[in-house]
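Note that this note's numbering gives residue 218 to position 52 of the sequence shown, counting from 1, and the numbers run on in steps of one. Notes follow the structure.
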Amino acid sequence: MYICMFLAVMVVLPFHEFAHGFAAVRCGDDTPKINGRYTLNPFAHFDLIGLICFVFVGFGWAKPVPVNPYNFKKYKSGMVWVSVAGVLANYILAFVVYPLFRLSVNLPQNWGYFDDVIVTTLYLIFQFNLTFIVFNLLPVYPLDGFRLIDATVSHANPVYRFLRNYGQYILLALIAWSFITGWIPALASFDILGIALRWCANIIGFPITWFWGLFF
């Protein structure tokens, strides 16, 4: 299972981060290229702690792609596109991978554990894409949800200032609590962040499963 989780992360994370870099370059900023982040190479994007969280908790993060918004042709629209590019890419990938997962389930099982690895990895790629979307849309610095707020909300707004100054500490506390509850089964029902992410992931994943369910 851990091997399948790692393989899934090797697909989900670089796809997300490359999308940020692609959007930035298209908007006029070559900073991702200069910093070696305009690539699908997963090792260029991994954050060690975020990777560990992904494998052992089911959600995590990568190193943010560096961008210089002052190079954008249009500052505000560039910020918005770069902010949403990653989650849009993940949703597209989830849409493409889900039918492959359904097909793999129905194929003859002739290769022992290799069949299980294929089926499980494809399923995890689908699920990780969805949870990664929800996690990154949290309005907490430096996640994509906060970048979107940063591009569209006045910086004098008290809610913005609170999220910028304290949101990351609240998020770290919730992640730490998810680790604790993950290792203590009796506390699993109190994993607030994990339960919320999975619930939201099921909601945004429903259109995909419903659509492909018409064919499989």
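We treat Cβ as the ideally placed atom computed from N, Cα and C, and that holds for glycine. Here the structure is a predicted model, which means the values were calculated and not measured.
Verify whether the separation of the beta carbon atoms of Leu296 and Phe267 is less than 8 Å.
Result no, Cβ atoms of Leu296 and Phe267 do not sit closer than 8 Å.
When you compare only the Cα positions, how much space is there between Thr318 and Leu273?
For the pair Thr318 and Leu273, the Cα-to-Cα distance works out to about 47 Å.
Looking at the strands, I want to know which residues DSSP matches up with Phe212.
Looking at the DSSP assignment, Phe212 forms a beta bridge with Ala228.
Residue nearest to Met176 in terms of C-alpha spacing, selected from Val191, Asp213, Val250
Nearest C-alpha to Met176: Asp213.
In whole angstroms, what is the alpha-carbon distance linking Ile284 and Leu290?
C-alpha separation (whole angstroms): 10 Å.
Backbone CA spacing between Leu337 and Val306 [nearest angstrom]
In this structure, the straight-line span from the alpha carbon of Leu337 to that of Val306 is close to 7 Å.
I'd like the list of long-range same chain contacts for Pro265, defined as Cβ closer than 6 Å, with 5 residues on each side in sequence excluded.
Contacts found: Trp378.
Is the region 195–214 touching the region 322–341, taking contact as three or more C-beta pairs under 8 Å?
Because the criterion of three Cβ pairs below 8 Å is not met, the region 195–214 and the region 322–341 do not touch.
Going straight from the alpha carbon of Leu201 to that of Leu309, what length do you get?
In the sequence as displayed, the identity of residue 201 is Asn instead of Leu. Those two C-alpha atoms are separated by around 19 Å.
Inter-residue Cα distance where the pair is Ala174 and Phe294:
Using only the alpha carbons, I get a separation of about 7 Å.
Among Ile299, Pro324, Ala354, Phe345, which one has its Cα closest to the Cα of Cys366?
In terms of CA proximity to Cys366, Ile299 leads the group Ile299, Pro324, Ala354, Phe345.
Whose CA, out of Phe301, Gln334, Tyr332, lies closest to the CA of Ile370?
Taking Ile370 as reference, the option from Phe301, Gln334, Tyr332 with the minimal CA-CA separation is Phe301.
Taking the C-alpha atoms as reference points, what is the distance between Ile350 and Phe356?
Going by the C-alpha atoms only, they are around 10 Å apart.
Roughly how many angstroms lie between the CA atoms of Ile218 and Met167, to the nearest whole one?
Going by C-alpha positions, Ile218 is about 14 Å away from Met167.
Tyr335 classed as buried or exposed, judged by whether at least 16 other C-beta atoms fall within 10 angstroms
Tyr335 is exposed by the Cβ-count criterion.
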